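Chains as they are written, first to last, in the numbering used here: chain F, 263 to 714; chain E, 121 to 534.
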């Protein structure tokens, strides 16, 4: 489809990202010998003693708190330990050494505070370990079998994640056997997207920018494979434009299921960003109440437009058209039209502009090629001429639209209202979608088939 | 998709049917060959006296199926994945091993039911069991499954015949009522065994995992929960009602005429004689085949779903073989191993039918405890977390299962 939007990822240009991804393995911090040799297994560390400077036991480790920031590798910001029967929080700054067998603190006097979840922090055992994560390089959803800590840039950070079955089995063994790190199965934290977090989202900038490199269809597959909170967190993590693109690629029933799980507000903002005809198709299949609750949350202008689209029958031109049009007046210049095209380059419709007269009536559809060949200062009126686009009304039957398409290969069809004002366009892919729906080509059953 | 105006109604009914189903299917599949045999044995051996075990089992079934549905809808995760997430790797593995063993046992029982029914018609198990195994795999892995499922469903509904047979056999209703509300049992090996098997066959582990994964897989929401609960309650009550009539019929016919231990299917089928006369055997056999095929087509799917859920993401029949090797391997192994166990020459079919249900009860314990832990977790369940009173009731049921299993083990080893 279109180039993915990468706005909002500061300082990261798409080209350097691709290069980074290609050399990912060599670039990885795990390639550094010092780090490989100092890996500490989180699964093995949980339950180990926490001691003071003098080596006296204070308690046992319950969980590790990490802070999410712009850094690729989240630093440890604190520990949750169990002292007698009470769970307490210890600031990460107090850690003097952290090995596979114990944690030493840099003090003998400890202030035990009650732990409260804070925004932007997550617990490695409770939120990440054994939860679903996205392996961005492998394009699949897996559960993390173990996580690894190592000192990096003056802090102890999560550097690796283990998704292997063998490491899961290792954790079943008793005693020290279960704690021994198995670094041969570790992959770089930067190549996964971890989703579980008390506050909803783990913002790992690197996996985020990696995700923006994926094709929307691949993202759609990943979304479909995730469950529950992880699914929502993943969508939350994507750039809105990219999320909308991915949603367009999802199976209709999977998408409906997803929207039923999301708050109406969130569904509304995603549907607003999708192509109107795609949004309308999904909205049409929702229950009346659900659809209405989503409309309530939308921008009123967009909602009005979508309401109209939804009301059209799917067997008529109005039901399959997209309402995104680049409309220009005949007195506009070629340069103006080109700028309009560039500004909307992410849309499906950027193959040309629709030209209308001063009263808004359809005159012509001018292709990009014609515009490029013309003088920038010329008015669009000078370019009007055959071949003229085919115009249909929203009430035109699907069969007739297909016939018109057959007669006018290569050009799209403009939908006009009774005053001859253009209201939409029908592109080849809209027709393919409509026909696929009609022939039942797309699966109609929902779910994986636990019970078909 | 069709014209919008016409579909509104269709969609509503469709949605209703889609939601009205899993609970009833799980319920009817609880009245599978193992269930019918266990209930028959209970009635033949102890007449009306131990009906109360069915009452408790049905009550437990309603509550835990309801809980499974709720967990599925609220967390939108399968049971096994959720256990691994909340309790770690060891717990996840313990849960999945329990579930797989219980399901293997029940799958074996389904094939035992097929073999038994085949024998009533005069066919060898070496013919009927392989055919059933191939048939079930073929149907499930092909998309035509949904339609065939309804046929199995209809066949297994033959067991409603017990309701009529129950009335025709003129049972002692008063004694039956007394047996339902007065917990008493002889403290013997046989009584403890059959009580445990009744719990295990009614509150089957696979049903709990199934109802939860169904809710997740079909992406049912909190809005659907009401309908789903109606369905689950209906299905569970249906299990209890059919079970009640099986026990009562067997008490009034078999037990009253001196048959106090069922050793083959023909004896069990004789309970239907007041209704069907000489056709009793055929009626019984048809019901066995339907119920066995219905359960045998869901069991391997549900098991494979759970195993893949432990490893990463749950798979289903929509995934291709190369996408989900673990899914298909589980499916295949479960079916083949269960069929081969039944084909061992001289395998005691009726004993297998009941023993597997005792195994179910044992393996229920860890699963119920995990479900209890999830139910009270406010972070996972939010406003749907179990209240103090409900927690007490769940714990009471778990205790009963625990006592039954301990007593059963005590009678086995001492």
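Every residue, glycine too, gets a C-beta built ideally from N, C-alpha and C.
Bear in mind that the values here come from a model prediction, so they are computed numbers and not experimental data.
Where the alpha helix (DSSP H) through residue i begins and ends
i                      : result
residue 346 of chain F : No alpha helix (DSSP H) contains residue 346 of chain F, which DSSP labels as neither H nor E.
residue 425 of chain F : Element bounds for residue 425 of chain F: n/a, residue is neither H nor E.
residue 210 of chain F : Because residue 210 of chain F is not part of the residues shown, which for chain F are 263 to 714, the question remains open.
residue 239 of chain E : 209 to 240
residue 499 of chain E : 498 to 501
residue 178 of chain E : 171 to 195
residue 493 of chain F : 490 to 499
residue 394 of chain F : Segment 394 to 397 is the beta strand (DSSP E) holding residue 394 of chain F; no alpha helix (DSSP H) there.
Beta-carbon gap between residue i and residue j smaller than 8 Å
i                      : j                      : result
residue 431 of chain E : residue 496 of chain F : no
residue 228 of chain E : residue 494 of chain E : no
residue 393 of chain E : residue 373 of chain E : yes
residue 461 of chain E : residue 492 of chain E : no
residue 363 of chain E : residue 183 of chain E : no
residue 596 of chain F : residue 633 of chain F : yes
residue 334 of chain F : residue 451 of chain F : yes
residue 392 of chain F : residue 405 of chain F : yes
residue 484 of chain F : residue 401 of chain F : yes
residue 367 of chain F : residue 379 of chain F : no
residue 359 of chain E : residue 502 of chain E : no
residue 248 of chain E : residue 235 of chain E : yes
residue 407 of chain E : residue 278 of chain E : yes
residue 323 of chain F : residue 312 of chain F : yes
Residue i burial status per 10 Å Cβ neighbour count (16 or more: buried)
i                      : result
residue 566 of chain F : exposed
residue 441 of chain F : buried
residue 316 of chain E : buried
residue 635 of chain F : exposed
residue 435 of chain F : exposed
residue 274 of chain E : exposed
residue 82 of chain E  : Missing from the structure shown is residue 82 of chain E; chain E here goes from 121 to 534 and no further.
residue 558 of chain F : exposed
residue 359 of chain F : exposed
residue 169 of chain E : buried
residue 647 of chain F : exposed
residue 272 of chain F : Note that residue 272 of chain F scores a pLDDT of 35, beneath 50, so its modelled location is shaky and nothing firm can be said.
residue 440 of chain E : exposed
residue 346 of chain F : exposed
residue 325 of chain F : buried
Residue span of the beta strand (DSSP E) that contains residue i, given as start and end
i                      : result
residue 627 of chain F : 624 to 629
residue 142 of chain E : Per DSSP, residue 142 of chain E belongs to no beta strand (DSSP E); it is in the alpha helix (DSSP H), 142 to 150.
residue 386 of chain F : It is not in any beta strand (DSSP E) - residue 386 of chain F carries neither H nor E in the DSSP assignment.
residue 321 of chain F : 319 to 329
Straight-line gap, residue i to residue j (C-alpha atoms, nearest Å)
i                      : j                      : result
residue 137 of chain E : residue 185 of chain E : Only weak support is given to the placement of residue 137 of chain E: the predicted model assigns it a pLDDT of 48, under 50, and the question is left unresolved by the model.
residue 614 of chain F : residue 478 of chain F : 24 Å
residue 456 of chain E : residue 187 of chain E : 32 Å
residue 328 of chain E : residue 214 of chain E : 16 Å
residue 125 of chain E : residue 540 of chain F : Low confidence applies here, because residue 125 of chain E scores a pLDDT of 35, under 50, leaving its location unreliable; read the following figure in that light. Cα to Cα, the separation comes out at about 20 Å.
residue 339 of chain F : residue 390 of chain F : 15 Å
residue 522 of chain E : residue 145 of chain E : 27 Å
residue 293 of chain F : residue 364 of chain F : 26 Å
residue 617 of chain F : residue 658 of chain F : 22 Å
residue 180 of chain E : residue 343 of chain E : 25 Å
residue 192 of chain E : residue 331 of chain E : 8 Å
residue 115 of chain E : residue 261 of chain E : Past the boundaries of the shown model lies residue 115 of chain E; chain E is included only from 121 to 534, so the question cannot be answered.
residue 534 of chain E : residue 158 of chain E : 24 Å
residue 199 of chain E : residue 689 of chain F : 45 Å
residue 303 of chain F : residue 362 of chain F : 7 Å
residue 349 of chain E : residue 189 of chain E : 7 Å
residue 486 of chain E : residue 242 of chain E : 41 Å
residue 512 of chain F : residue 506 of chain F : 10 Å
residue 428 of chain E : residue 481 of chain F : 21 Å
residue 209 of chain E : residue 394 of chain F : 13 Å
Whole-Å CB distance - residue i paired with residue j, under 8 Å assumed
i                      : j                      : result
residue 651 of chain F : residue 585 of chain F : Going by Cβ atoms, the distance from residue 651 of chain F to residue 585 of chain F rounds to 16 Å, so no, they are not a contact pair.
residue 336 of chain F : residue 418 of chain F : That pair is no contact at about 10 Å.
residue 654 of chain F : residue 675 of chain F : 6 Å
residue 240 of chain E : residue 451 of chain E : In fact, because the Cβ distance is near 29 Å, the residues do not count as touching under 8 Å.
residue 523 of chain F : residue 494 of chain F : 7 Å
residue 484 of chain E : residue 325 of chain E : 5 Å
residue 645 of chain F : residue 628 of chain F : 5 Å
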